[in-house]
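Structure first, commentary second.
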Amino acid sequence: MAKDNPQVHFLLVSVPNDRGDGRAMSKKYEIAGQPNVSALVDPVPRGTDHIKQLAAFPLKWISDNVDFQRRRFALRVELRRNSFSSAATISSRQQFRVVALTRLSVRCGLWLALLAEFSGCAFYHSLPLTGDAVANALRKPQWTTLQVQASEIKHPLLAPIRLNPRAGLTPDGAAVIAVLINPSLRATRDRRQIATAELFQAGILPNPQVTGSLDFVTGGTIVPGLLTGYGVGVSWDIQALIQLAAKKAAARAGVESIDLDIAWTEWQIAQAAKLAVYRVVSDEAQLARANDVDSRLSQNLETMRQAVSAHAKTELDLATAESARQDAHAIVLVLAQDLAHQKLALKKALGVPADTVIRLNQNIALPSHVSTPSLAQLMEGIEERRLDLRALKKGYESQEEKVRAAILAQFPKIGIGFNPASDTSNVHTIGPAVTVDLPIFDRGQGSIAFERATRQKLYDEYINRVFEGRSDVATALTDIRSLEEQIAAAETALPILQHLVDVYGTAINQGNTDAFSYYSAQNNLNQKTIQILKLKQQLIETRIALELAAGRYFLAPNTRGSR
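Take the sequence shown: its letters are residues 134 to 696, numbered as in this note's numbering.
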């Protein structure tokens, strides 16, 4: 097999005169299997070398006279001549090898360096931030796609769920949908790519350094046979090897911390969406009650006007009825505004456009009582359940490795290498090179102090977060019990107030009481009803707060068809 290779532009061949008679000799060279190409060596005196520039000859892979091989980017050229004496043959081979290697290595080395450089290079790709790109990112999701994703979701706390569009959206369904499509989570999840890139960077060793120099003869005593000298140096900083394991461990723990922190943020977004559903349900119930009262008071007002016209009621009774109706209508307007805001908050929590129509499940009810584990059960293992605590712990482990890396960085920086060179008299040398930083002034004291202070901050923050978590669990449980008692008391008072309204209604029809007393009783009943709805809303909000504090997921109460 034959293969063309780069040409040697000139060959410097040192040919000693070894006949001993002082006369010249000539020699014919066959290079790369081309017998028609010959080079004559001029006569030279005995004991001296003569440097002759020959024509450019292509080197072949197979030749009786030239052996050209490439192994691991190293080139070797040998010239075999049987007619020369051993000394002359060695001399010529050495001279031939040095010059040929010098010329070929420079050219091939440049090509190989360029190939190695561009093979690992990244290229720029634009990411235009246009109106179309924004619209595409914020477009309405396909419901069929959401159904598949919700049934396959993988999260430490959220379980897969079956979405039923005909049944309407449930609190649990809203929680999962928010995790899937909320735009605020995209930037949060991008932190994972950043952490992964940092992990990749932590495992990359520094590049070796290559230096080169040329020494041209410019003056002085110039004798025949002088060449252009050169020097090549290769060095590498081994300091990175000392810190490599610690940096990789720190970056790896950092990635795990980011993953857990992302999951914790997703959990908070999910709980916010669930809470938004319950707030919409509560506002709808309050608005329905207020509309009912407003409608009845409007009818009463019309009846009162007719009675005043018939001189059956007084103007005072009419004014009281008008005031009661205006108060009821004002409550309707306020609750309608609150409901509109809560619906927008729900859409924002879900991550859907404001004009999206959302139909909630009709079986969602605000509970009067919720079942929760005991305080001891919730306290047990809270450090392992709370995703933020686990993320903080991994962050602490990452910082621990950074402290260790800073300690290891005190080791003096050491660079090792070797420097082949050739002087103008064609003397070739090679030797090792070592550079060591003397840690006299900078021993990494500042970096070590910074990393230790950061570690202490994370340590104290973790302790405080555990304390706050346990306190929040206890507070939420206490609030739940208190709210349940308030709801029970209010529900007990509700029939009494209703009976009072009925009594006043009968009395006012019989003319045995004034209208003010009747409408006061009616207003107290309405306020108590809305108060119960608000207490139930507070109860479910506190239950969700307990889920966040304890790091446990509870199924939504009184909701059918959620899973």
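Each residue gets a CB set at the ideal place from its N, CA and C atoms; glycine is no exception. All values reported here derive from a predicted model rather than from experimental measurement.
Practice task
Report the three-state DSSP secondary structure of residue 357 (helix, strand or coil).
Solution key: Indexing the sequence shown from 1 puts residue 357 at position 224. Three-state result, residue 357: coil.
Exercise for the section: Jot down the residue ranges of each uninterrupted alpha helix (DSSP H) in the stretch 303 to 386, minimum 4 residues, whole runs only, in chain order. Expected result: The alpha helix (DSSP H) runs of length 4 or more contained entirely in the stretch 303 to 386 are, from start to end of the chain, 304 to 314 and 317 to 335.
Exercise for the section: Would you list the one or two residues that DSSP bridges to residue 264? Expected result: By one-based count along the sequence shown, residue 264 stands at place 131. BP columns for residue 264 are empty, so no partner.
Exercise for the section: Could you pull the start and end residues of the beta strand (DSSP E) that residue 568 belongs to? Expected result: Along the sequence shown, read from residue 1 onward, the residue named residue 568 stands at position 435. Element bounds for residue 568: 561 to 569.
Problem - Secondary structure of residue 656, DSSP reduced to three states - result: As a working mapping, residue 656 is identified with position 523 in the sequence shown. Residue 656 falls in the helix class under three-state DSSP.
Exercise for the section: Per DSSP, which residues does residue 547 bridge with? Please list them. Expected result: Looking up residue 547 in the sequence shown gives position 414. Residue 547 is bridged to 569.
Exercise for the section: Might you give, ordered along the chain, the residues of its own chain that have their beta carbon closer than 6 Å to the beta carbon of residue 217, omitting 5 neighbours on each side? Expected result: Reading the sequence shown from its first residue, position 84 is the one you call residue 217. Caution is warranted here: a pLDDT of 31 is assigned to residue 217, below 50, making its placement in the model unreliable, and the coordinate value is therefore given only provisionally. For residue 217, there are no CB contacts under 6 Å within the same chain when 5 residues up- and downstream are skipped.
Handout entry: Exposure label - residue 590; buried when at least 16 CB within 10 Å
Key = Indexing the sequence shown from 1 puts residue 590 at position 457. Answer is exposed; the Cβ neighbour count stays below 16.
Practice task
Would you decide whether residue 338 is buried or exposed? Buried here means 16 or more other CB atoms lie within 10 Å of its CB.
Solution key: Residue 338 sits at position 205 when you count from the first residue of the sequence shown. By the neighbour-count rule (16 or more Cβ atoms within 10 Å), residue 338 is not buried but exposed.
Handout entry: Element boundaries [alpha helix (DSSP H), containing residue 287]
Key = By 1-based counting over the sequence shown, the position of residue 287 is 154. First-last for residue 287: undefined, no H or E at that position.
Handout entry: Cα-Cα separation, residue 686 to residue 494
Key = Stepping through the sequence shown from its first residue, residue 686 is reached at position 553. Stepping through the sequence shown from its first residue, residue 494 is reached at position 361. About 20 Å.
Practice task
Let me know the secondary structure DSSP gives residue 493 once reduced to three states.
Solution key: In the sequence shown, residue 493 corresponds to position 360, counting from 1. Note: residue 493 maps to strand in three-state DSSP.
Problem - Spatially closest choice to residue 374 from 621, 545, 403 and 406, by CA coordinates - result: The residue given as residue 374 occupies position 241 in the sequence shown. Of the listed residues, the one whose Cα sits closest to residue 374 is 545.
Handout entry: Candidates 366, 288 and 307, of which the one nearest residue 276 by Cα
Key = Walking along the sequence shown from the start, residue 276 turns up at place 143. For residue 276, the nearest C-alpha among the options comes from 307.
Exercise for the section: Compare the Cα-Cα distances from residue 369 to each of 351, 551 and 497 and report the closest residue. Expected result: Indexing the sequence shown from 1 puts residue 369 at position 236. Ranking 351, 551 and 497 by Cα distance to residue 369 puts 551 first.
Exercise for the section: Indicate whether residue 511 and residue 606 have their beta-carbon atoms separated by less than 9 Å. Expected result: Position 378 of the sequence shown, counted from the start, is the residue given in the question as residue 511. Position 473 of the sequence shown, counted from the start, is the residue given in the question as residue 606. Contact: yes.
Handout entry: Alpha-carbon to alpha-carbon, residue 561 and residue 350
Key = Locating residue 350 in the sequence shown gives position 217, counting from the first residue. Locating residue 561 in the sequence shown gives position 428, counting from the first residue. C-alpha separation (whole angstroms): 17 Å.
Practice task
Pull up the DSSP beta-bridge partners for residue 552, would you.
Solution key: Here residue 552 is taken as the residue at index 419 of the sequence shown, counted from 1. According to DSSP, residue 552 bridges with 564.
Practice task
Compare the beta carbon distance of residue 499 and residue 670 with 9 Å and say whether it is the shorter of the two.
Solution key: For the purposes of this step, residue 499 is taken as residue 366 along the sequence shown, with counting starting at 1. For the purposes of this step, residue 670 is taken as residue 537 along the sequence shown, with counting starting at 1. Yes, the Cβ-Cβ distance between residue 499 and residue 670 is below 9 Å.
Practice task
Please report how far the alpha carbon of residue 677 lies from the alpha carbon of residue 522, in whole angstroms.
Solution key: Here residue 677 refers to the residue found at position 544 of the sequence shown. Here residue 522 refers to the residue found at position 389 of the sequence shown. For residue 677 and residue 522, the distance between alpha carbons rounds to 18 Å.
Problem - N- and C-terminal bounds of the alpha helix (DSSP H) containing residue 602 - result: Numbered from 1 along the sequence shown, position 469 holds the residue referred to as residue 602. Per DSSP, residue 602 belongs to the alpha helix (DSSP H) from 578 to 643.
Exercise for the section: Tell me whether residue 458 is buried or exposed, calling it buried when 16 or more other Cβ atoms sit within 10 Å of its Cβ. Expected result: The residue labelled residue 458 in the question sits at position 325 within the sequence shown. Answer is buried; the Cβ neighbour count reaches 16.
Practice task
Check whether the stretch 651 to 660 touches the stretch 532 to 544, taking contact to mean three or more Cβ pairs, one atom from each stretch, closer than 8 Å.
Solution key: no
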